[in-house]
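The UniProt record's numbering numbers the first residue of the sequence shown as 1 and each following residue consecutively. From the three backbone atoms N, C-alpha and C, an ideal C-beta is built for every residue, glycine too. Step one of this worksheet: look at the structure below.
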Amino acid sequence: MFWIVLIIAALFFSWHNYKKNKPLIAARIAEEKEKDRLKDLRRDTRRRQWALALADILARRNGLPIKGVELVFKLDDDKRRYLAQQVKKELGLSENLDGAALRHKVEDILRRWPAGIGSSPRTFYHHLAAQGQVRDALAFDCMRTAFLTRCIAGLGWCDVHQAWLVLLLNAQRAQDCFDSWEDYATAYVRARRVWLTLRDTPTALAGRDLQEATHYLQDPVSRWRQLPWNEFKIFEPI
1 MFWIVLIIAA LFFSWHNYKK NKPLIAARIA EEKEKDRLKD LRRDTRRRQW
51 ALALADILAR RNGLPIKGVE LVFKLDDDKR RYLAQQVKKE LGLSENLDGA
101 ALRHKVEDIL RRWPAGIGSS PRTFYHHLAA QGQVRDALAF DCMRTAFLTR
151 CIAGLGWCDV HQAWLVLLLN AQRAQDCFDS WEDYATAYVR ARRVWLTLRD
201 TPTALAGRDL QEATHYLQDP VSRWRQLPWN EFKIFEPI
């Protein structure tokens, strides 16, 4: 009988303490969940920063933001009009294409992104492959895909979720194929040199890419310096 009373008393005090401390326990659980949420948010933000950073030197060249992860651009009308014209030209789209027809075309382009986004000289990739510069071609394509996809989303021509899917997958292939930001940038510059040659671009512009890439690699506040190349996977489907 004594043991039964003792057990009942112990259960009563345990229940009483639990009830008394229930708000504190709930608060601690909520605090841990919030910590996990913020950790996941920071991790997701870094992945998105990384995906956008692939095209940072192109974004800088065109006066576009290279901070944060917001895709929608805040541009004045003239800047937006000029960017839209340039992006349509790069995508091989009619300058008059607009509205639902434009979004439909863009959606199809993004769906087929592994085949390449944007028009290019017919012999460009064949030339690089023949010279054994396949990695250079890939670096060029990764940067171009990141930049044009960012512009497409920034101009509001596509669903941002579709844009992020392309951006993250594109970033993952870059991470898998190159060893560092320097390796990636160097390969891009070599491919860009071929691109300019095939387009009969004035030689005065040929050295700009190397200069821009070198400067950004050395800039202590650039995303290429602040984000590690392979510390974490960029695309991790749940």
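Cβ neighbours of Trp50 within its own chain (closer than 7 angstroms, five residues either side excluded): Ala171, Leu227, Ile234. For Phe147, the uninterrupted alpha helix (DSSP H) run begins and ends at 134–154, by DSSP.
Judged by DSSP secondary structure, Cys177 falls within the alpha helix (DSSP H) whose first and last residues are 160–177. Comparing alpha carbon positions, the residue from Lys74, Ser119, Val134, Trp181 closest to Ala53 is Trp181. Taking the Cβ atoms as the reference, His126 lies roughly 11 angstroms from Val194, outside the contact range of under 8 angstroms. Only residues of its own chain outside the window of five on either side were considered, and among them Arg47, Arg48, Ala51, Ile234, Phe235 have a CB closer than 8 angstroms to the CB of Leu168, listed in chain order.
With fewer than 16 neighbouring CB atoms inside 10 Å of its own CB, Arg122 falls in the exposed class. With at least 16 other beta carbons inside 10 angstroms of its own, Val189 counts as buried.
Judged by DSSP in its simplified three-state form, Lys105 adopts helix. Burial check for Lys88: the Cβ neighbour count within 10 Å reaches 16 or more, so the residue is buried. Short of 8 angstroms from the beta carbon of Val134, and not among the five residues preceding or following it, lie these beta carbons of its own chain, in chain order: Leu128. CA-CA distance, Asp159 to Asn96, rounds to 21 angstroms. By the neighbour-count criterion, in which a residue is buried when 16 or more other Cβ atoms sit within 10 angstroms of its Cβ, Gln131 is exposed. Counting other Cβ atoms within 10 Å of its Cβ, Gly207 stays below 16 and is therefore classed as exposed. The Cβ atoms of Arg150 and Leu71 lie closer than 8 angstroms to each other. Between the beta-carbon of Asp136 and that of Ala185 there is about 11 angstroms, and that puts the pair past the 8 angstroms contact cut.
The C-beta of Val166 has 16 or more other C-beta atoms within 10 Å across all chains shown, which makes the residue buried.
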